[in-house]
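In the numbering used here, the protein residues as written are 35 to 303.
Every residue gets a Cβ at the ideal spot worked out from N, C-alpha and C, and that includes glycine.
Below, the structure written as structure tokens:
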């Protein structure tokens, strides 16, 4: 795994240091995490697909953003600049939760950078806010309940290290403010009427028991996107790539094969 960091100047004019992890060879898939996500949350899936796919994981320090960067518009702008740094051709964006929202916006506003979308538990249509009852000084037990909501079986998938990190970040005024501002910014940015502008093939992988972006959200994406396939995972919550990594990897490789086939057909015409 090649790991490095890149400094990108966003809308605020300040440099933002972003962690990049990359491995594999083939069609380039770029992974975008949610508000409390990390690159490592993708690593099991990446290990299963890297023999056929070039995997680039981008970890933006979302809860450290300030000013104009700390908004859905700011993160979309930062990520577009990152894509221009990590690839010289269109990529497939893989986005979970807030990262799926960003990926969809990029496909709409920067179509030259995107050749496909894989959205899983994406926000932008319907989502339950994690911060609706955020505490001034969040306790570990409050955070444990909130993070547990992400999983169908939290006893199997919730990690103490993630709880520790979330508690540390949200115990600071900067982290709490960023979480609230980014969450509210995303909720105000409803994508429903804009989804028809997405021109690339899209794979939707959704947990049937997702309570954060419920099944109705997946159905709305599927109904409004021009070229989409919806795959349901049973006994699965908001984080399919962690809860069902092997099945996620299989669907991802099948999607990559479809994209390659489409490209070959286009070139043969």
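Pick from the options: whose alpha carbon is nearest that of residue i?
i	options	result
residue 250	261, 98, 260, 266	266
residue 296	114, 241, 255, 236	236
residue 116	88, 57, 42	42
residue 212	149, 97, 218, 111	97
residue 52	112, 174, 171	112
residue 201	221, 217, 173, 191	173
residue 134	48, 252, 36, 35	252
residue 285	128, 45, 46, 187	128
residue 149	264, 63, 35	63
residue 49	76, 99, 224	99
residue 107	262, 219, 224	219
residue 198	188, 243, 177	177
residue 190	144, 269, 59, 224	269
Run through DSSP, which three-state label would residue i get?
i	result
residue 130	strand
residue 275	helix
residue 265	strand
residue 187	coil
residue 51	strand
residue 290	helix
residue 140	helix
residue 161	coil
residue 125	strand
residue 108	helix
residue 57	strand
residue 69	coil
residue 238	strand
residue 98	helix
When the Cα atoms are used, what is the spatial distance from residue i to residue j?
i	j	result
residue 226	residue 289	24 Å
residue 157	residue 247	6 Å
residue 65	residue 260	22 Å
residue 207	residue 93	21 Å
residue 275	residue 102	30 Å
residue 72	residue 38	15 Å
residue 132	residue 154	10 Å
residue 74	residue 193	12 Å
residue 123	residue 147	7 Å
residue 257	residue 138	15 Å
residue 279	residue 78	6 Å
residue 162	residue 217	10 Å
residue 47	residue 114	15 Å
residue 205	residue 291	44 Å
residue 90	residue 210	28 Å
residue 35	residue 195	21 Å
residue 121	residue 45	21 Å
Over the uninterrupted alpha helix (DSSP H) stretch that includes residue i, give me the two end residues.
i	result
residue 36	Premise fails: residue 36 lies in the beta strand (DSSP E), 36-43, not in any alpha helix (DSSP H).
residue 195	194-204
residue 233	Taken as a continuous stretch (DSSP letters only), residue 233 belongs to no alpha helix (DSSP H), as it is neither H nor E.
residue 175	174-182
residue 250	249-258
Quick check: residue i and residue j, are their CB atoms within less than 8 Å of each other?
i	j	result
residue 273	residue 183	no
residue 239	residue 152	yes
residue 80	residue 61	no
residue 229	residue 126	no
residue 232	residue 142	yes
residue 159	residue 282	no
residue 361	residue 105	With the chain covering only 35 through 303, there is no way to say anything about residue 361.
residue 83	residue 109	no
residue 277	residue 241	yes
residue 181	residue 119	no
residue 88	residue 287	no
residue 271	residue 185	yes
If I follow the unbroken beta strand (DSSP E) through residue i, where does it start and stop?
i	result
residue 65	61-66
residue 78	Looking at the DSSP string, residue 78 is not in any beta strand (DSSP E); the run it does join, the alpha helix (DSSP H), is 77-83.
residue 149	148-154
residue 222	Per DSSP, residue 222 belongs to no beta strand (DSSP E); it is in the alpha helix (DSSP H), 207-222.
residue 88	87-93
Consider the C-beta atom of residue i and the heavy atoms of the ligand FMN; say whether any pair is separated by less than 7 Å.
i	result
residue 236	With respect to small molecules bound, the structure shown includes none, and the ligand FMN cannot be examined in it.
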